[in-house]
Amino acid sequence: MNSSVVSFSLLLFGLFTIRTANSQCEKHCTNSKPMAGEGQCNEAEEVILRSSDCAFMKKTETAFEFVVGMNGQTEDKTTPGANANGAFLCCTATQKTATLFIVGVANKRLMLAKDVVNYKFHHNTSIDDFVREKQVLESVSAQGQKAGIGGNYGEEFFQDQMDANKMIQKGYEKLWTDNKSSPPKNAPDLQKDTRPKVTAATEEMILALKVFQQFRINKNCWTFVKTEAEKSQSFLSLAEPNGKDAMQKAVVRLCAEVEAKIVAQIDEKAKKLLA
Numbered sequence: 001m002n003s004s005v006v007s008f009s010l011l012l013f014g015l016f017t018i019r020t021a022n023s024q025c026e027k028h029c030t031n032s033k034p035m036a037g038e039g040q041c042n043e044a045e046e047v048i049l050r051s052s053d054c055a056f057m058k059k060t061e062t063a064f065e066f067v068v069g070m071n072g073q074t075e076d077k078t079t080p081g082a083n084a085n086g087a088f089l090c091c092t093a094t095q096k097t098a099t100l101f102i103v104g105v106a107n108k109r110l111m112l113a114k115d116v117v118n119y120k121f122h123h124n125t126s127i128d129d130f131v132r133e134k135q136v137l138e139s140v141s142a143q144g145q146k147a148g149i150g151g152n153y154g155e156e157f158f159q160d161q162m163d164a165n166k167m168i169q170k171g172y173e174k175l176w177t178d179n180k181s182s183p184p185k186n187a188p189d190l191q192k193d194t195r196p197k198v199t200a201a202t203e204e205m206i207l208a209l210k211v212f213q214q215f216r217i218n219k220n221c222w223t224f225v226k227t228e229a230e231k232s233q234s235f236l237s238l239a240e241p242n243g244k245d246a247m248q249k250a251v252v253r254l255c256a257e258v259e260a261k262i263v264a265q266i267d268e269k270a271k272k273l274l275a
């Protein structure tokens with residue numbers, strides 16, 4: 001076959017692949033457009049979408065950081081910052097996609113609980129550190145205010161995130177103390193390795209909340225959240241000790257109108273697991 005024909009065929013295939021990928025991604029957006037050359041989206045509610053695999057991204061100084069994928073993936077990845085060949089879209093997310101985004105980030109944060117408790121268990125340190133927790137809560141709440149989500153997601157919401165994380169930690173502590181399983185021998189350094197990851201996940205959560213908060217007053221908000229938060233095939237934190245209850249605690253105050261009975265049941269279960 002003529003080499004020019006081969007090249008043209010590959011070009012057509014490449015264009016078709018890009019167009020198909022964009023089409024798949026755009027179904028997650030009420031509006032989307034190619035990212036401008038400077039690598040930014042203009043609207044506060046827009047998120048950066050990597051068109052190759054529909055993964056939410058956030059801009060860092062030199063790259064885009066993978067936040068959460070459309071199938072619930074929450075691994076950390078980076079790609080070159082250059083927006084070559086329309087590789088990124090600015091996406092105004094649908095309610096379902098915004099819900100997946102915030103639940104995915106909640107899962108990512110919960111998945112760090114094991115590393116935290118593993119370090120504390122090896123160093124005979126208490127899970128509870130109320131002085132530090134208060135400092136963190138004040139700092140994160142201030143970040144939320146600055147980001148424009150403080151009116152909807154204040155200290156109570158972020159306290160839920162810390163409590164949910166500790167629910168998993170206490171689940172592991174009980175397993176290890178009762179000799180039902182053994183902790184990993186190597187624990188990542190809490191200060192140098194794990195806490196920076198928790199901080200990064202919290203920053204991603206603020207980004208996700210900015211996208212999600214427009215849907216919090218919808219009558220079907222909790223139905224969407226509850227459905228996503230129970231997808232064990234997507235969110236590995238659900239398989240952690242106390243994981244299902246921890247996820248419920250993490251997401252119960254995402255929506256404005258959740259039945260008081262449901263909130264009370266989730267809070268009461270969390271209180272028992274944290275005791």
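For the sequence shown, full-length UniProt numbering gives the first residue as 1, with consecutive numbering after it.
No residue lacks a Cβ here, since even glycine has one placed at the ideal position from N, Cα and C.
Small disclaimer: the values here were computed from a predicted structure and weren't measured.
Smallest Cα separation from Thr125: which of Gly69, Glu65, Glu173 and Ser234? For Thr125, the closest C-alpha among the options Gly69, Glu65, Glu173 and Ser234 is that of Glu173.
Whose C-beta lies closer than 6 Å to the C-beta of Ala21 among residues of the same chain, with five residues either side of it excluded? Reliability of the predicted coordinates at Ala21 is poor, the pLDDT of 45 falling under 50, and the value obtained from them is presented with this limitation in mind. If the five residues before and after Ala21 are omitted, its C-beta is found closer than 6 Å to the C-beta atoms of Ser51 and Ser52, all from its own chain and listed in chain order.
Three-pair Cβ contact test at 8 Å for the region 220-230 versus the region 250-257: Contact between the region 220-230 and the region 250-257 is present, because at least three Cβ pairs lie under 8 Å.
For my contact list, Met97 and Glu43 are in at a C-beta cut-off of 8 Å; report their separation, rounded to the angstrom. According to the sequence displayed, residue 97 carries Thr and not Met. Contact doesn't hold; Cβ gap of about 15 Å is too wide.
Can you name the start and end residues of the alpha helix (DSSP H) that residue 287 belongs to? A query on residue 287 cannot be resolved here, the shown segment of the chain reaching from 1 to 275 and no further.
Which residues does DSSP pair with Leu236 in a beta bridge? Answer is none; Leu236 lacks a bridge partner.
Three-state secondary structure (DSSP) at Gly69? Three-state result, Gly69: strand.
Through-space distance from Lys59 to Cys41, alpha-carbon basis: The alpha-carbon atoms of Cys41 and Lys59 are separated by roughly 10 Å.
Keeping to the same chain, check which residues put their C-beta closer than 8 Å to that of Asp245; ignore five residues upstream and five downstream. Excluding residues within five positions, the ones whose Cβ falls inside 8 Å are Met167, Ile266, Lys269, Ala270 and Leu273.
Have a look at the DSSP bridge pairing and note the partners of Ile48. Within the DSSP bridge table, the entry for Ile48 names Met57 and Cys90 as partners.
Return the CA-CA distance between Gln143 and Asn31, expressed in angstroms with no decimal places. Computed Cα separation, rounded: 27 Å.
Cβ-Cβ distance between Trp222 and Val258 below 9 Å: Result yes, Cβ atoms of Trp222 and Val258 sit closer than 9 Å.
For my contact list, His28 and Thr99 are in at a C-beta cut-off of 8 Å; report their separation, rounded to the angstrom. About 11 Å separates the two Cβ atoms, so there is no contact after all.
Along the chain, where does the alpha helix (DSSP H) containing Lys33 start, and where does it finish? Note, Lys33: premise wrong, no alpha helix (DSSP H); beta strand (DSSP E) at Cys29 to Pro34.
Under a Cβ-count criterion, where at least 16 other Cβ atoms within 10 Å of its own Cβ denotes burial, should Arg216 be classed as buried or exposed? It counts as buried.
I'd like the list of long-range same chain contacts for Ser141, defined as Cβ closer than 8 Å, with 5 residues on each side in sequence excluded. Closer than 8 Å at the Cβ level, and outside the excluded window around Ser141, lie Gly150, Gly154, Glu155 and Phe158.
What's the gap between the Cα of Arg109 and the Cα of Arg195? Distance from the CA atom of Arg109 to the CA atom of Arg195, rounded to whole angstroms, is 11 Å.
beta-carbon Ile168 near the ligand FAD non-hydrogen atom, thresh 8 Å: Ligands displayed in this structure: none; no statement on the ligand FAD is therefore possible.
Secondary structure of Ala275, DSSP reduced to three states: Ala275 carries a coil assignment under DSSP once its states are collapsed to helix, strand and coil.
Would you decide whether Pro241 is buried or exposed? Buried here means 16 or more other CB atoms lie within 10 Å of its CB. Looking at its Cβ environment, which holds 16 or more other Cβ atoms inside 10 Å, Pro241 is buried.
Report yes if the C-beta distance between Gly104 and Gly69 is below 9 Å; otherwise report no. The Cβ atoms of Gly104 and Gly69 sit closer than 9 Å to each other.
Look up Ala63 in the DSSP assignment and say whether it is helix, strand or coil. Note: Ala63 maps to strand in three-state DSSP.
Quick check on Ala208: buried or exposed, where buried means 16 or more other Cβ atoms within 10 Å of its Cβ? With 16 or more other Cβ atoms inside 10 Å of its own Cβ, Ala208 counts as buried.
Reference Asn220, options Asp193, Lys192, Ala256 and Thr202, closest by Cα: The closest CA to that of Asn220, considering only Asp193, Lys192, Ala256 and Thr202, is found on Ala256.
Does the distance from the CB of Asn107 to the CB of Leu238 come in under 9 Å? Asn107 places its beta carbon less than 9 Å from that of Leu238.
Ordered along the chain, which non-local residues of its own chain (more than five positions away) have a Cβ less than 6 Å from that of Asn26? It is worth fixing the name first, because residue 26 is Glu in this sequence and not Asn. Excluding sequence neighbours, Glu26 sits near Ser32.
In whole angstroms, what separates the C-alpha of Trp176 from that of Asp163? Trp176 and Asp163 have their C-alpha atoms spaced approximately 20 Å apart.
Is the distance from the Cβ of Val116 to the Cβ of Gln169 below 9 Å? Yes, the pair counts as a contact, with Cβ atoms nearer than the cut-off.
Quick check for students: name the residue ranges of the alpha helix (DSSP H) that lie wholly in the UniProt domain "Chorismate mutase" (82-173), counting only runs of 4 or more. Correct list: 95-110, 113-122 and 130-147.
Drop a sphere of 10 angstroms on the beta-carbon of Lys185, count the other beta-carbons inside from all chains shown, and report buried for 16 or more, exposed for fewer. So Lys185 counts as exposed.
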